[in-house]
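Trainee: Take this structure first; my questions come after.
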Amino acid sequence: MDQSTFAARISFHDSIETMEVDFSRFAFADAAMVDAFYDHIDQRVAATGRRWYFLVLYEGCEIAPEAWERFAARGKHANISYGLGTVRVHPSERTRETIRSRAERETFRANIFDTRDQAMFALGEMRKRREIIGAGTADAYLRVQDIHLNFGGVKALTGVSFQVNRGEITSIIGPNGAGKTSMINVISGFYRPTRGRIFFDGADRTHLPAHKVARLGFARTFQNIALFKGMTTLDNIMAGRRFRHNLVTDALYLGPARREELRQRAEVERLIDFLEIQAIRKKPVGRLPYGLQKRVELARALAAQPKVLLLDEPMAGMNVEEKEDMARFVLDVNDQWGTTIVLIEHDMGVVMDISNHVVVLDHGAKIAEGTPAEVRADPVVIRAYLGVAH
Amino acid sequence: MKTRIALALAAALFAATALAQPKEQFIPMLSYRVGPYAAGGTGFFGGYIDYLDLLNRRDGGIGGVKLTWQECETEYKNDRGVECYERLKKSGPSGATVFAPLSTGITYSLIERATADKIPVISMGYGRADASDGRVFPYVFPLVTNYWSQNTAKIKFIGTKEGGMDKLAGKKIVNLYHGSAYGKETIPILDAQARKYGFTVTHIEVPHPGNEQQSQWLQIRSIKPDWVILRGWGVMNPTALKAAQKVGYRTERIVGVWWSGAEEDVLPAGEAAKGYIAAAFHPSGTEFPVVQEILKHVYAAGKRGNMEDKGRIGQQYFNRGVIQGILTAEAIRTAQAKFGKRSLSGEEMRWGIENLKIDEKRLQELGALNLMQPMKVSCFDHEGGGAVKFQQWDGKQWKVISDWITSDQSIVRPEIERSAAQYAAEKKLALRDCGKT
Amino acid sequence: MFYRLAGQFKSSYAADQQIFPIRQDRIFVIGVMVCAFLVVPVVANDYWLGAILIPFLILGLAALGLNILTGYTGQLSLGTAGFMAVGAFAAFNFILRVPGMPFLLALFLAGVTAALIGVLFGLPSVRIKGFYLAVATLAAQFFIEWVLTKYGWFSNYNPSGVITAQAIEIAGYRFDTPVSKYLLTLGIVAALALAAKNMARTQTGRYWMAVRDMDLAAEVTGIDIVRTKLVAFAVSSFYCGVAGALWAYAYLGAVEPQAFTLDRSFQVLFMIIIGGVGTVLGAFLGAAFIVLLPIALNVAAHALFPGVSTDLTSNLELVLFGALIVFFLAVEPHGLARLWQIGKEKLRLWPFPH
Amino acid sequence: MDLNFFLEVLIGGLLAGIMYSLVAIGFVLIYKASGVFNFAQGAMVFFAALTYVSLTERGWPFWLALAAVLALMIVLGFAIERVVLRPLVNQPQITLFMVTIGLAYFLEGVAQGVWGAQVHALEIGIQDKPFSVAGISVSQFDLFASGTAALLVLVLGVFFQKTKTGRALRAVADDHQAALSVGIQLRYVWAVVWAAAGFVALVAGLLWGARTGVQFALTFTALKALPVLILGGFESILGAIVGGLIIGATEKLAEVYIGSSIGLNIGTGIENWFPYMLALAFLLVRPEGLFGEKRIERI
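In order, the protein sequence lines correspond to chains D, S, P and H. Under numbering that gives the first Met the number 0, the first sequence has 9 at position 10, and the numbering climbs by one with no breaks. Under numbering that gives the first Met the number 0, the second sequence has 40 at position 41, and the numbering climbs by one with no breaks. Under numbering that gives the first Met the number 0, the third sequence has 188 at position 189, and the numbering climbs by one with no breaks. Under numbering that gives the first Met the number 0, the fourth sequence has 270 at position 271, and the numbering climbs by one with no breaks.
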């Protein structure tokens, strides 16, 4: 096996930032061969001095059992070092399983497709999304890794891992008691996981207290509305904004404090316009109807200009019209500000309509994830939802 | 009814510039009849008012001037006391005559106000001990005996019990005091005497309100003192006696102050109080002619006095109130002799108190011989008496067991002058020259 | 008729963010201030000034302090009187021990001292909530009382442990008449009330209320709950400390630690519950109610029951006081400030409520 | 350190703690069933004891007076439910708390207005005299009080376990909504629980009254119960007992040993705040109290 064999199997498509690696009908007989191939790849990429999307063709590829570990390690290294995202075409059944289980463990997306065309299309989508949210990598923006959460003896979450890409709408679904809200609580720092880690933008933030998580750029709404009931709509949203203020200038309300308050007020008014809640500005939120309260809560969360917005059943208890409004707001937020959204929702219709990615939990464990279409078709998910014993 | 309340409110709340009624002398009563100290308040003000009532009914007032009074409930609280003071100070044709709030705290709060308003305050057996120095406190009169005088008399009493003051050396005394400003007040005087006579004194605090004294009495038992001085207040007193019984300490060796020496302080302790000794500047009992007169003129033939419970007439607080009445009335008489038989102003009353002189003969006339001690107040000395009797509880009533025991002014007076001088310095006051008045 | 919002349009956020956005409210407040500063001193006699208005203002200030903690931030405290005591004794010692200490500075430092102590005793609020916290603040109440009684230094070794307030002197002027003391108190209280109102309507106050209404949501909104609570403890104790110092200097003249017992804490708590939790106005309405009611009862009792013994009338006063509190809370649990607000809303619609 | 003395302090403290528990139990009963922190418990103790002692002084026999006061406390319980609690359903806890302070003023005024301000001795036939066990003297009154407390807890236990009303009480304490849905009359239960607290107040009043005399200061017993409550939790009778024992023992030991060891004069009077500090320190470690249930915060 010489370098030219390898070179022939690698091609760069500059226009779509993609490196195509063709493993099809290639046989890795041992670890040394894996190393040789990947050394070559590393070398080639290093010469380009940039990151690439990977399009990997697996059809008929054979990997000797003793080479597996090596193959996995090198692949991972490549991804981390210069990958923007990977799509995989037609691996064998065994490879497919291996990739899936690893993806599950290490929270990356398997992105397995049956034809090269499908893979190319998905790649296009990935690139488009990245363009929307600007620079950066399509690597996990938020990564939840092997989260366990116990209350006394009760296991609320067991080893859940998934990742959320920047600029995407990710939904967490599952039957009642599946651990969805617990998951959101863990992400927002309100519960500390018993085990596991959470990475955000590449940094480990598992142990930050909730208010610091919020300051990193997380905001959320609650399943049972958690507004500040004694305050007006305006004050609720203002409280959601983070700006410098101090006691003494606030008490005097002169100069800087006054200017800052007015500036913030103007910002908040824009949100109020966006969510169409002008009429209830000065009303105490405790007396508002449910649907409006949900909207105010969204406004308060948005006021912080979050990077990641966590929505816990934003449409629960709403009628169809209200749901449509809310879905529109969620999409608008995602569109206009590129905000990454993690969403818990019961209404499958809504979930399928607006999500890029869906994670399914049941009994505290992840049972499936993928695109809405994939999840919908997954027999495990169907079973969980229909409650058939397995 | 409504209009009546409204009128009363208006009258009380707005300046009470009463119509000129020349033959009346108004005496404000800052009483307290609810709360933890109500037992003392009802007794004291009962006796005070009943004595004034006696003078009105029997003599038609003093020198033809009728005595009038109005009560104002202070609940033994400083701020309520100040409000009552302000409300009543201008009542009556010539304003309030004299205040006697029966509360150290209220007394403190009134000192400056009363001085500015030129109305005397009598704090008989409470209040600021250093106000005995009349040069610094012209309007304040801690008449009869102050805390410090009493305390020296108590050590003298203990000395006689031990067989002479020289026998005190090496003795152990525990000062069990209420955890308040009042309770702490005698600590320096006791320490001074301990140095002088060579006994040791241990101060043990009982936190307010003092309804649990387990640990204090266990400590006392382990110290094994020869005497325990009980400087208690309210519920602390019976609890102390009960606790003494519990650890087996003899009540004959406990000497209380006069705030620990009323019937209310021993009755609740029942059997446990038997043999307990307390200081008093007057005895209990109804045998004194003045008390008999009250019963005859105020209560007899279905008439109603101030006391709800007639059984309490002649008890400590009632008799103390009577003495307060006598002092007030005698001061009015003294002032009337100088200024004429008319409504006196506070300033004139002050002169009356400062020149008050009650000798044995006068006590006989008043029917108060043995009830109170002879007194002579002066500009220099606003205490005027200073002697104490000791009485012992026999399970049913107090029995006087000593004659008047005078205080040790060689210890007390310098302390009073030092303390008063410090007050004068803090307030930048000039000392009054007593030669001139 | 006169209380109409019609025709009042806000053309800027600045206008809308004013302290009293409604014109009539502005006029009313200005009217009250003019009346308090100019008319009252002329009209009222010494009794009203010295025995009613001054304690009313001071207790109103203390109630405002407690309202910041309990009403705005939702932290129940029974240690108010303790913090007042700290203020009183601190002011006394600052003036006594620092030569030439100006009165207002001493007052400010007294507040700061109380604030520090308040933060110290507020620390448990990080973990303890509700009634557990309330009872825990009793530790502050009793501990402070004990320390001030136990250590003679605080009262300059006065044998009775009583501090006698020095004369109030500002820029050579001596505040020794009821009128001057009233005006001084009024000025300080008005300034602090304004500051409280400002804090309450800016981000500081929003954080307080957020912690009160839903502390968990506040935390995930990015509010540092611990800091917010401690700030509330500090500001609240500052107000109580200043109130305590004024209590000694402008009202009683001489105080002992026992002037600041648990009863006083309850009294102030009553003021905010009856006046209205979480409003500046409520603190003062409540103070007026609690200060005036017993006095009015006392005066009325003598007129109502002329033949009845004073023993009984005094107890009747207490019974009535208790009963009125129960009655009042049952009828309007949200306090006088709510009644005031309802009254205003009615007035706004009057005479055509629909 | 003298071991005998130490043991006497310890035992005395434990027994004193029982006296605190007696008052605390009254708080617990009401808080458990209706969520009201009843500050009038001290006033109820005073009211019950003063009424009892005034009746006996007027010649009523012991049992009759006891029965009459008990009946009065039951009437009071029902009256409070009807007049005070019912209009205030669903109000914030703090409002209810203040209402009970108003109630305390009311009861204090009524008690002293009707029976007068005089203090009374109360003899219940047990002298507060010591007897010696292995060189340690123990008060027979304290033992009697502890026995009574045990009996009281037993009676309450039987009442809660065996009677229909008692079971209803427990159901309400566990879950108001659920209790309502199975048809338990919440109001009736509240009235009963206030009456039961009245009964506890009577027992506490008699024991405290025998020691300190029956007087206004009985209302202060409530203050002694507060640290016990923080330590033991507001909702557990067992907690009130154990809390009382711990508070009683540690405050006495602290008063005797800590004061002197930190260089203060002995007898420093730290008893008033020490229990609160102790309870506070404890709460910092375990915010739900000794026997309170740990709450998982949900949102």
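In this text, a Cβ means the ideal position worked out from N, Cα and C, and glycines have one as well. As the structure is a prediction and not an experimental result, all values here were calculated from the model.
Do you know whose CA, among P:K343, P:L296, P:L328 and P:I94, lies nearest C71 of chain S's CA?
Mentor: Checked all of P:K343, P:L296, P:L328 and P:I94; the closest Cα to C71 of chain S is P:L296.
Trainee: Check for me: the alpha helix (DSSP H) holding Q160 of chain H runs from which residue to which?
Mentor: Taken as a continuous stretch (DSSP letters only), the alpha helix (DSSP H) holding Q160 of chain H covers Q139 to K161.
Trainee: Of the choices S:K340, S:K388, S:G91 and S:H381, whose alpha-carbon is the least far from that of V139 of chain S?
Mentor: Comparing Cα positions, the closest option is S:H381.
Trainee: Under a three-way DSSP split, which group does K128 of chain H fall into?
Mentor: The answer is coil: DSSP assigns K128 of chain H none of H, G, I, E or B.
Trainee: May I ask which residues mark the beginning and end of the alpha helix (DSSP H) holding K365 of chain D?
Mentor: From DSSP, K365 of chain D is part of no alpha helix (DSSP H) but of the beta strand (DSSP E) over A364 to G369.
Trainee: On the DSSP bridge assignment, give the partners of L229 of chain S in chain order.
Mentor: Note: L229 of chain S sits in a beta bridge opposite S:L175 and S:G255.
Trainee: Which one of S:A330, S:V227, S:V64 and S:W216 has the shortest CA to CA distance from A278 of chain S?
Mentor: Considering only alpha carbons, the answer is S:V227.
Trainee: Show which residues of chain H have a CB atom less than 8 angstroms away from the CB atom of K221 of chain S.
Mentor: Looking at the sequence shown, residue 221 of chain S is not Lys but Ser. Neighbours of S221 of chain S on chain H, chain order: D1 and F4.
Trainee: Output yes or no for whether 9 angstroms exceeds the beta carbon distance between I162 of chain P and A61 of chain P.
Mentor: In this structure, A61 of chain P does not lie closer than 9 angstroms to I162 of chain P by Cβ.
Trainee: So within the stretch 320-384 of chain D, which uninterrupted beta strand (DSSP E) runs reach at least 3 residues, ignoring any that extend past its ends?
Mentor: Those beta strand (DSSP E) runs which fall completely within the stretch 320-384 of chain D and span 3+ residues are 339-343, 356-361 and 364-369.
Trainee: In angstroms with no decimal places, state the Cα-to-Cα distance between D41 of chain D and A77 of chain D.
Mentor: Their Cα atoms are separated by approximately 7 angstroms.
Trainee: In the DSSP assignment, find the unbroken beta strand (DSSP E) run with S235 of chain P in it and report its ends.
Mentor: That residue, S235 of chain P, is in no beta strand (DSSP E); its alpha helix (DSSP H) goes I224 to L245.
Trainee: Taking C-beta pairs closer than 8 angstroms, name the residues in chain S that A116 of chain H reaches, listed in chain order.
Mentor: In chain order: R32, V33, A37, A38, G40 and T41.
Trainee: By the three-class DSSP mapping on this structure, what secondary structure does Q143 of chain D have?
Mentor: The residue you asked about is not Gln; residue 143 of chain D is Val in the sequence shown. Three-state DSSP puts V143 of chain D in a strand.
Trainee: Can you find a C-beta in chain P that's less than 9 angstroms from the C-beta of E268 of chain D?
Mentor: So yes, E268 of chain D belongs to the interface.
Trainee: Please classify S108 of chain S: does DSSP put it in a helix, a strand, or coil?
Mentor: The answer is helix: DSSP assigns S108 of chain S an H, G or I state.
Trainee: Quick one: Cα of K163 of chain H to Cα of I236 of chain H, how far?
Mentor: If you take the alpha carbons of K163 of chain H and I236 of chain H, they lie about 19 angstroms apart.
Trainee: Report buried or exposed for W152 of chain P, applying the criterion of at least 16 other Cβ atoms within 10 angstroms of its Cβ.
Mentor: Exposed.
Trainee: Closer than 8 angstroms, Cβ to Cβ, to anything on chain H: give me those residues from the stretch 337-348 of chain P, in chain order.
Mentor: Answer in chain order: no residues at all.
Trainee: Which partner residues of Y52 of chain D appear in the DSSP bridge assignment?
Mentor: Paired residue(s): D:T17 and D:G84.
Trainee: Counting pairs of beta carbons, one from the stretch 326-344 of chain P and one from the stretch 283-294 of chain P, are three or more of them closer than 8 angstroms?
Mentor: Touching, yes.
Trainee: Helix, strand or coil: which one does DSSP assign to W207 of chain P?
Mentor: Note: W207 of chain P maps to helix in three-state DSSP.
Trainee: Would you mind telling me which residues of chain H sit closer than 7 angstroms to T238 of chain S, beta carbon to beta carbon, in chain order?
Mentor: The contacting residues are R210 and T211.
Trainee: By how many angstroms is the C-alpha of D141 of chain H removed from the C-alpha of K426 of chain S?
Mentor: If I take the Cα positions, the gap works out to 52 angstroms.
Trainee: Tell me the rounded alpha-carbon separation between A322 of chain H and W216 of chain S.
Mentor: For residue 322 of chain H there is no data in the structure shown, the boundaries of chain H being 0 and 298.
Trainee: With a threshold of 16 other CB atoms inside 10 Å of the CB of I169 of chain P, please say whether the residue is buried or exposed.
Mentor: I169 of chain P is exposed by the Cβ-count criterion.
Trainee: Nearest by alpha-carbon distance to I378 of chain P: which of P:L261, P:A231 and P:S124 is it?
Mentor: Not covered by the structure: residue 378 of chain P. The range shown for chain P is 0 to 353.
Trainee: Where does the unbroken beta strand (DSSP E) through H12 of chain D begin, and where does it stop?
Mentor: Taken as a continuous stretch (DSSP letters only), the beta strand (DSSP E) holding H12 of chain D covers I9 to H12.
Trainee: So, for G238 of chain H: in the same chain, excluding its five sequence neighbours on each side, which residues have a beta-carbon less than 6 angstroms away from its beta-carbon?
Mentor: G231, G232, L289 and F290.
Trainee: Tell me which same chain residues have a C-beta within less than 6 angstroms of the C-beta of G197 of chain S, skipping the five on either side of it?
Mentor: Result list for G197 of chain S: A168, in chain order.
Trainee: Got a sec? Which residues, its chain only, sit under 6 angstroms from E270 of chain H by beta carbon, not counting five neighbours each side?
Mentor: For E270 of chain H, where only same-chain residues beyond five positions count, the Cβ hits under 6 angstroms are E250 and E254.
Trainee: When the Cβ atoms of the stretch 153-172 of chain S are set against those of the stretch 396-411 of chain S, are three or more pairs found closer than 8 angstroms?
Mentor: A contact exists between the stretch 153-172 of chain S and the stretch 396-411 of chain S.
Trainee: In whole angstroms, what separates the C-alpha of A67 of chain H from that of L311 of chain P?
Mentor: Distance between the alpha carbons of A67 of chain H and L311 of chain P: 24 angstroms.
Trainee: Would you call E85 of chain S buried or exposed, if buried means 16 or more other Cβ atoms sit within 10 Å of its Cβ?
Mentor: Buried.
Trainee: Counting C-beta neighbours from all protein chains within 10 Å, is the total for D29 of chain D 16 or more, i.e. buried, or is it exposed?
Mentor: D29 of chain D comes out exposed.
Trainee: Excluding the 5 residues flanking F227 of chain D on each side, which residues of the same chain have their C-beta closer than 8 angstroms to its C-beta?
Mentor: If we look at F227 of chain D and ignore the five residues flanking it on each side, its Cβ neighbours are D234, N235, A238 and V284.
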